[in-house]
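Shown next, in structure tokens, is the structure this report addresses.
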Amino acid sequence: IGVVFQEDALFTSIPVWENVGYRLLQQGKDEEIVRAEVQKVLRLVNLEHAIDMMPGELSGGMSRRTAVARALIGQSEIILYDSPCAGLDPVTERKVLRLIMQLRDLNETTSLYVTQNMDEVKYLCSGMYARTENGRIVFKKESEGFCLYNTKILLLSQGRIVIEAPDEVFWHAREQVVQEFLV
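Residues 1 to 183 (my numbering) are what the sequence shown spells out, left to right.
The structure is reproduced here in structure tokens:
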């Protein structure tokens with residue numbers, strides 16, 4: 001399981017590659033092998049150029065993508081995102097959300113996304129990424145003929161699950177606590 005914290009929680013005294021590969025280095029993996037794995041993961045998040053940078057040199061979006069890469073290292077099949085877009089500007093927020101969607105759809109990574117921002121939830125439920133026969137990545141917008149059946153919204157209130165449903169059901173739920181949350 002990989003975790004992306006609300007604050008990126010990067011180690012400020014070591015470069016990006018060591019931050020991303022930290023878990024593997026702690027397991028005693030060879031530094032060359034770890035660096036090669038880090039390069040692969042950084043390529044996924046469009047940060048291969050930042051491999052030797054220090055965290056203080058990264059923009060907010062780069063720092064967040066580094067945190068996502070760290071969660072991916074070691075081929076995490078499940079990633080918990082704890083408000084990963086908190087404090088980001090709208091453009092960077094969309095980049096991070098698109099990355100999360102691509103990981104979900106193209107790598108089949110199970111994503112648990114925690115947020116209080118319903119705009120982020122709507123965006124995450126707006127469609128999916130797919131590869132065409134020639135390998136291009138395309139975005140398919142959710143519509144009448146296409147539904148994200150495996151993406152569900154879960155609302156907790158006072159420690160209990162109030163609703164767990166696809167977005168089409170969630171947005172129209174009649175439960176009072178859901179309506180209060182959506183207002």
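Idealized CB from N, CA, C, for every residue including glycine.
- Here Ile100 is actually not in contact with Leu80; their C-beta atoms are around 12 angstroms apart, not less than 8 angstroms.
- For Glu180, the number of other beta carbons within 10 angstroms of its own is below 16, and it is reported as exposed.
- Under the three-state reduction of DSSP output, Glu164 falls in the strand class.
- Around Met118, the same chain offers Leu182 as residues with beta carbons nearer than 7 angstroms, after the five sequence neighbours per side are excluded.
- For Met128, the beta-bridge partners assigned by DSSP are Lys140.
- For Gly60, the enclosing alpha helix (DSSP H) starts and ends at 60-72.
- About 4 angstroms separates the Cβ atoms of Leu10 and Pro55, confirming a contact at the 8 angstroms cut-off.
- Short of 8 angstroms from the beta carbon of Ser126, and not among the five residues preceding or following it, lie these beta carbons of its own chain, in chain order: Lys141, Glu142.
- Taking a 10 Å sphere around the C-beta of Pro84, we find 16 or more other C-beta atoms and assign the residue as buried.
- For Leu154, the secondary structure class from DSSP, reduced to helix, strand or coil, is strand.
- Restricting attention to Gly61, Val178, Asn19, the CA atom closest to the CA of Ala71 is found in Asn19.
- Apart from sequence neighbours up to five positions away, the residues of its chain that approach Ser63 with a beta-carbon distance below 6 angstroms are Asp8, ordered along the chain.
- By the Cβ criterion, the region 128-140 is in contact with the region 86-104, since at least three pairs of Cβ atoms, one from each stretch, lie closer than 8 angstroms.
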